[in-house]
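Trainee: Got a structure for you, questions after.
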Amino acid sequence: MNLFKQILPGSPRFQEVEFSVLSGWALLFPVKQSYLYFLGFALLLAAFTLRKVVTLKNITLTRFSFFLLLFNALFIFSTFFSPHPFKSLLFIGDILLVSLWFILFYLEKSDTGRMLRLLAVLISVSSLVVLIFFVLRGGRGPAEQIFKNPILQGIVSALAALVFLHALLQKYNHADAALLGLNFAAVIISASKAAFLGLALFAAAMILSRRKRWLVYFAAVLVLLVLLPNPLRRMVGHSLYQDPYVLNRLDIWSMSARMFRHHFWTGVGPDLFMEAAGRFNFPQEKGPSRYGKVPESPHSDYWKIIAENGLPGLVLVLAFLFFAIRRMLSPPWFDLAKLLLGFLLLQMLLINYIFNFFFILIFFLLMHDFLYRSHRFVSIQPGFRVFFSSLLVFLLVTLYLFPFFADRSLDEASREKNIVRRFALLKRAALFSPLDERVPLAKAEVLGVFARTQANLEAWTDAVANLRLAQKMNGYGNAALLLESALFREFLAKPIQYPASGEEILAPLRRAEKNDPFKPFLKLQQAVILLELGRLQEARLLASAALDLEPEYVAAIVFIHKLDGLPAADPVLQRRLA
957 MNLFKQILPG SPRFQEVEFS VLSGWALLFP VKQSYLYFLG FALLLAAFTL RKVVTLKNIT
1017 LTRFSFFLLL FNALFIFSTF FSPHPFKSLL FIGDILLVSL WFILFYLEKS DTGRMLRLLA
1077 VLISVSSLVV LIFFVLRGGR GPAEQIFKNP ILQGIVSALA ALVFLHALLQ KYNHADAALL
1137 GLNFAAVIIS ASKAAFLGLA LFAAAMILSR RKRWLVYFAA VLVLLVLLPN PLRRMVGHSL
1197 YQDPYVLNRL DIWSMSARMF RHHFWTGVGP DLFMEAAGRF NFPQEKGPSR YGKVPESPHS
1257 DYWKIIAENG LPGLVLVLAF LFFAIRRMLS PPWFDLAKLL LGFLLLQMLL INYIFNFFFI
1317 LIFFLLMHDF LYRSHRFVSI QPGFRVFFSS LLVFLLVTLY LFPFFADRSL DEASREKNIV
1377 RRFALLKRAA LFSPLDERVP LAKAEVLGVF ARTQANLEAW TDAVANLRLA QKMNGYGNAA
1437 LLLESALFRE FLAKPIQYPA SGEEILAPLR RAEKNDPFKP FLKLQQAVIL LELGRLQEAR
1497 LLASAALDLE PEYVAAIVFI HKLDGLPAAD PVLQRRLA
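In structure tokens, the structure reads:
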């Protein structure tokens, strides 16, 4: 009965139940890219946060509170200058919502160990799932049951392994040993080199500081991993001998530095690295295509913050690392939360992962313990309750519910055959999500079809206006620019032409080329239009530039061959295409 009372909503330990539910949803929900995953997590966070606002009489202000303030202020500031504000708002909405719950979060330092153990047990469930599927598949296939990216499974399993190793080094327990083995096996199955490296380094340091005799067993395990076939060994061999992109991480970091220098003050915008990457891409000399592979992330959370937020992001990263490393190098040396935070900071150097819901929960929990000093209690006033609740509801409705309804309307519109009904659905989507560039882009497609089939100039004009609106909403997107060029190009085939018609067709393609200068398709598309306009020399130059980017670009080879007036059966062309 006493245990039951401790987990009732009125109990101080009920937040452990909240944390377990949130962590369980964030970790074990099977489809992590679905709206249901994000919406469900947001609703849980909102419900738990509103409960705290209503029931708590005071909150605790610590250094962690000011860290949350600075952390969120950085992303909010950068969003004001974002070329794609809708995506940036969705990104910072996740961070803001978790931060609002943690502002009302209070945990005694002595209770942190219990929370971390609870978290490790939850992670062990995911490790068990990975192990079961690995056995059922006969030792084949990646560990994608919990995370789509197996590397993330390796990180969480390594984190749990460190928790149980810490417990074993204090007092041996068969259950802890079994859970340590389970999570270590999941790290190997995930084949995450970064996770294994971090686990090996921190495990060796922990063993060296407490039980040096265990180093013999530790070394024996490492030798077995080298000698016996296992997923990690296969992955290392693949990276060394078969992966043409194995050394690209340094090139991507260099690319991130160029991105930072070009957007020095405000960055490219929160969560917009992938959208801006085309402009700063680098050649892949060992891959099948020189510029066909565009990095989707900077492969480092530090570089992500710096490139996407500019100078303020750089200042935050450097200041954070300075104070964090200085604190970590001071006693107590064997503090579990400090060790786990150090492990996560090392992983942040090598991988993008910290802005996943599950990892941001862990990171904020560890930072809460790390910055526990100098806390004071502040009474919650009625005005604060109203403001806090209103902000929470506003975030939930505008950044989660409305985009969800807008996405539903867009899906219905894409399947709707009746053009009037489809346009009505798109108008509804625009009401729910006025910053989403997909809505005016879809409207422009519908209007363009109507203008083409009905020869309606007004519909064509509205289509162009919607495309211009979509371009303002997403400064990195090329879809609206390509469609605008296609709409203007249709008039080139009409009897009505005017001197500037060719430039109006080419102008959107040139703007698209600025966003993605290493895409040969854009150069060849301009070359085709220039050929239709009779500007042969300019067409040849652009087609040659496309070939300079991709020497094996078949369409450009054929285009230049035809431009030279040579027959399709020319043996030189056939040998080049073979």
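Numbers given in the numbering used here equal positions in the sequence shown, counted from 1, plus 956.
Even glycine gets a Cβ: it sits at the ideal position worked out from N, Cα and C.
(1) What residues in its chain sit with their C-beta under 6 Å from that of Met1191, if we drop five residues either side in the sequence?
(2) Count the C-beta pairs between the stretch 1020–1037 and the stretch 1282–1293 that are closer than 8 Å, then say yes if the count reaches three, no if not.
(3) Roughly how far, in whole angstroms, is the beta-carbon of Leu1075 from the beta-carbon of Ile1316, given that I think they are within contact range, below 8 Å?
(4) Does His1194 pass the burial test, meaning 16 or more other C-beta atoms within 10 Å, or should it be called exposed?
(5) When you compare each of Ser1038, Val1376, Thr1016, Ala1398 to Gly932 by their alpha carbons, which one comes out closest?
(6) Is Phe1509 buried or exposed, if buried means 16 or more other CB atoms sit within 10 Å of its CB?
(7) With which residues is Leu1016 paired in a DSSP beta bridge?
(8) Within its chain, find whatever has a CB closer than 6 Å to the CB of Gly1404; leave out the 5 residues flanking it on each side and keep chain order.
(9) Can you give the Cα-Cα distance for Asp1526 and Ala1407, rounded to whole angstroms?
(10) What is the rounded straight-line gap between the Cα of Ile963 and the Cα of Phe975?
(11) Could you check how far apart the C-beta atoms of Pro1552 and Ala1263 are, in whole angstroms? I think they sit under 8 Å.
(12) Where do the ends of the alpha helix (DSSP H) carrying Thr1222 lie?
(13) Work out the CA separation of Leu1437 and Ile1461 for me, nearest whole Å.
(14) Nearest by alpha-carbon distance to Leu1382: which of Pro1390, Arg1371, Ser1365, Leu1171 is it?
(15) Quick check on the burial criterion: 16 or more other C-beta atoms within 10 angstroms. Buried or exposed for Trp1221?
(16) So, Thr1582 versus Ala1293, is the Cβ gap smaller than 7 Å?
(17) Distance check for Asp1132 and Val1077, CA to CA, integer angstroms please.
(18) To the nearest angstrom, report how far apart Lys1475 and Ser1080 are at their CA atoms.
(19) What does the alpha-carbon distance come out to for the pair Phe1027 and Ala1280?
(20) Can you find the residues in the same chain that come closer than 7 Å, C-beta to C-beta, to Leu1188, ignoring five residues on each side of it along the sequence?
(21) For Phe1515, which residues from the same chain have a beta carbon less than 6 Å from its beta carbon, with the 5 sequence-adjacent residues on both sides left out?
(22) What separation, rounded to the nearest whole angstrom, lies between the Cα atoms of Ala1463 and Ser1441?
(23) Determine the direct distance from the alpha carbon of Asp1257 to that of Leu959, and round the result to whole angstroms.
(24) Mapping the DSSP letters down to three states, classify Asp1325 as helix, strand or coil.
(25) Give the range of the alpha helix (DSSP H) segment to which Thr1354 is assigned.
(26) Report buried or exposed for Phe1299, applying the criterion of at least 16 other Cβ atoms within 10 angstroms of its Cβ.
(27) Which of the three DSSP states is assigned to Val1077 in this structure?
(28) What does the Cβ neighbour count give for Phe1004, buried or exposed, with the cut at 16 atoms within 10 Å?
(29) From Ile1513 to Leu1503, what distance separates their C-alpha atoms?
(30) Does the beta-carbon of Lys1518 have 16 or more other beta-carbons within 10 angstroms, so that it is buried, or is it exposed?
(31) When you compare only the Cα positions, how much space is there between Lys1104 and Lys1373?
(32) Just to confirm my understanding: we take Ile1336, look at its own chain, exclude 5 residues before and 5 after, and list those with CB closer than 7 Å. What are they?
(33) In whole angstroms, what is the alpha-carbon distance linking Lys1149 and Ala1501?
(34) Taking buried to mean at least 16 other C-beta atoms within 10 Å of its own C-beta, is Leu1171 buried or exposed?
(35) Here's a check: name, in chain order, each residue in its chain whose Cβ is nearer than 7 Å to the Cβ of Tyr1062, leaving out the five neighbours to either side.
(36) Taking the beta carbon of Ile1208 as the centre, do at least 16 other beta carbons fall within 10 Å, making it buried, or is it exposed?
Mentor: Looking at the atomic coordinates:
(1) For this step, residue 1191 is matched to residue 235 along the sequence shown. Take Met1191, set aside five residues on each side of it, and the residues of its chain with a beta-carbon closer than 6 Å to its own are Ala1147, in chain order.
(2) As far as the Cβ criterion goes, the stretch 1020–1037 does not touch the stretch 1282–1293, which means the pair count is below three.
(3) Sequence index remark: in the sequence shown, residue 1075 carries index 119 (1-based). Sequence index remark: in the sequence shown, residue 1316 carries index 360 (1-based). Actually they are not in contact, since the Cβ atoms of Leu1075 and Ile1316 sit about 13 Å apart, beyond 8 Å.
(4) Indexing the sequence shown from 1 puts residue 1194 at position 238. Result: exposed.
(5) Given a span of 957 to 1534 for the chain in the structure shown, any question on residue 932 remains unanswerable.
(6) Here residue 1509 is taken as the residue at index 553 of the sequence shown, counted from 1. Note that residue 1509 is Tyr in the sequence shown here, rather than Phe. Flag for Tyr1509 reads buried.
(7) Stepping through the sequence shown from its first residue, residue 1016 is reached at position 60. The sequence shown places Thr at residue 1016, not Leu. Beta-bridge pairing by DSSP links Thr1016 to Phe1333.
(8) As a working mapping, residue 1404 is identified with position 448 in the sequence shown. Sequence-distant Cβ neighbours of Gly1404 in its own chain, meaning closer than 6 Å and more than five residues away, are Ala1419, Leu1443.
(9) The residue given as residue 1526 occupies position 570 in the sequence shown. The residue given as residue 1407 occupies position 451 in the sequence shown. Cα to Cα, the separation comes out at about 42 Å.
(10) Your numbering for residue 963 matches position 7 in the sequence shown. Your numbering for residue 975 matches position 19 in the sequence shown. For Ile963, the pLDDT reaches just 45, beneath the cut-off of 50, and the residue's location in the model is therefore unreliable, although a value from the coordinates is still provided. In a straight line, the C-alpha of Ile963 is about 12 Å away from that of Phe975.
(11) Here the chain has residues from 957 to 1534 only, and residue 1552 is not among them.
(12) Residue numbering aside, residue 1222 sits at position 266 when the sequence shown is read from its first letter. Here Thr1222 belongs to no alpha helix (DSSP H), and DSSP marks it neither H nor E.
(13) Locating residue 1461 in the sequence shown gives position 505, where the first residue counts as 1. Locating residue 1437 in the sequence shown gives position 481, where the first residue counts as 1. Roughly 10 Å separates the two Cα atoms.
(14) In the sequence shown, the residue the question calls residue 1382 occupies position 426. The shortest C-alpha separation from Leu1382 is found at Ser1365.
(15) Residue 1221 sits at position 265 when you count from the first residue of the sequence shown. Per the 10 Å Cβ criterion, exposed.
(16) Nothing can be reported for residue 1582: it is not among the residues displayed for the chain, which extend from 957 to 1534.
(17) Residue mapping note: residue 1077 aligns to position 121 of the sequence shown, counting from 1. Residue mapping note: residue 1132 aligns to position 176 of the sequence shown, counting from 1. In a straight line, the C-alpha of Val1077 is about 10 Å away from that of Asp1132.
(18) Numbered from its first residue, the sequence shown carries residue 1475 at position 519. Numbered from its first residue, the sequence shown carries residue 1080 at position 124. Between Lys1475 and Ser1080, the C-alpha separation is close to 45 Å.
(19) Within the sequence shown, numbered from 1, the residue matching residue 1027 stands at position 71. Within the sequence shown, numbered from 1, the residue matching residue 1280 stands at position 324. The straight-line gap from Cα to Cα measures roughly 15 Å.
(20) By 1-based counting over the sequence shown, the position of residue 1188 is 232. Cβ contact annotation for Leu1188 (same chain, cutoff 7 Å, sequence separation greater than five): Ile1144, Ala1147, Phe1152, Leu1181, in chain order.
(21) Translated into the one-based positions of the sequence shown, residue 1515 becomes position 559. Correct list, in chain order: Ala1499.
(22) To locate residue 1463, count along the sequence shown from 1; it is residue 507. To locate residue 1441, count along the sequence shown from 1; it is residue 485. Spanning the two alpha carbons is a distance of roughly 8 Å.
(23) Within the sequence shown, the letter at position 3 stands for residue 959. Within the sequence shown, the letter at position 301 stands for residue 1257. Reliability fails at Leu959, whose pLDDT of 42 lies under 50, so the model's placement of it is uncertain and the value that follows must be treated cautiously. Between the alpha carbons of Leu959 and Asp1257 lies a distance of about 40 Å.
(24) Here residue 1325 refers to the residue found at position 369 when the sequence shown is read from its first residue. Here Asp1325 carries a helix assignment [DSSP, helix/strand/coil].
(25) Numbered from its first residue, the sequence shown carries residue 1354 at position 398. Premise fails: Thr1354 is in no alpha helix (DSSP H) and is neither H nor E.
(26) Indexing the sequence shown from 1 puts residue 1299 at position 343. Around the C-beta of Phe1299, 16 or more other C-beta atoms lie within 10 Å, and the residue is accordingly described as buried.
(27) Locating residue 1077 in the sequence shown gives position 121, where the first residue counts as 1. Looking at Val1077 - three-state DSSP - the assignment turns out to be helix.
(28) Position 48 of the sequence shown, counted from the first residue, corresponds to residue 1004. Using a 10 angstroms sphere on the CB of Phe1004, the tally of other CB atoms reaches 16 or more, which defines it as buried.
(29) Taking the sequence shown and counting its residues from 1, one reaches residue 1513 at position 557. Taking the sequence shown and counting its residues from 1, one reaches residue 1503 at position 547. In this structure, the alpha-carbon of Ile1513 lies about 7 Å from that of Leu1503.
(30) Along the sequence shown, one-based indexing puts residue 1518 at 562. Per the 10 Å Cβ criterion, exposed.
(31) Position 148 of the sequence shown, counting from 1, holds the residue named residue 1104. Position 417 of the sequence shown, counting from 1, holds the residue named residue 1373. Distance between the alpha carbons of Lys1104 and Lys1373 is about 34 Å.
(32) If you number the sequence shown from 1, residue 1336 lands on position 380. So the qualifying residues of the chain are Leu1012, Lys1013, Asn1014, Ile1015.
(33) Taking the sequence shown and counting its residues from 1, one reaches residue 1149 at position 193. Taking the sequence shown and counting its residues from 1, one reaches residue 1501 at position 545. Cα to Cα, Lys1149 sits roughly 39 Å from Ala1501.
(34) Counting from one through the sequence shown, the residue named residue 1171 turns up at place 215. By the neighbour-count rule (16 or more Cβ atoms within 10 Å), Leu1171 is not buried but exposed.
(35) Position 106 of the sequence shown, counted from the start, is the residue given in the question as residue 1062. Close CB contacts of Tyr1062 within its chain, under the 7 Å cut and outside five residues either way in sequence, are with Thr1016 (chain order).
(36) In the sequence shown, counting from the first residue as 1, residue 1208 sits at position 252. Around the beta carbon of Ile1208, 16 or more other beta carbons lie within 10 angstroms, which makes this residue buried.
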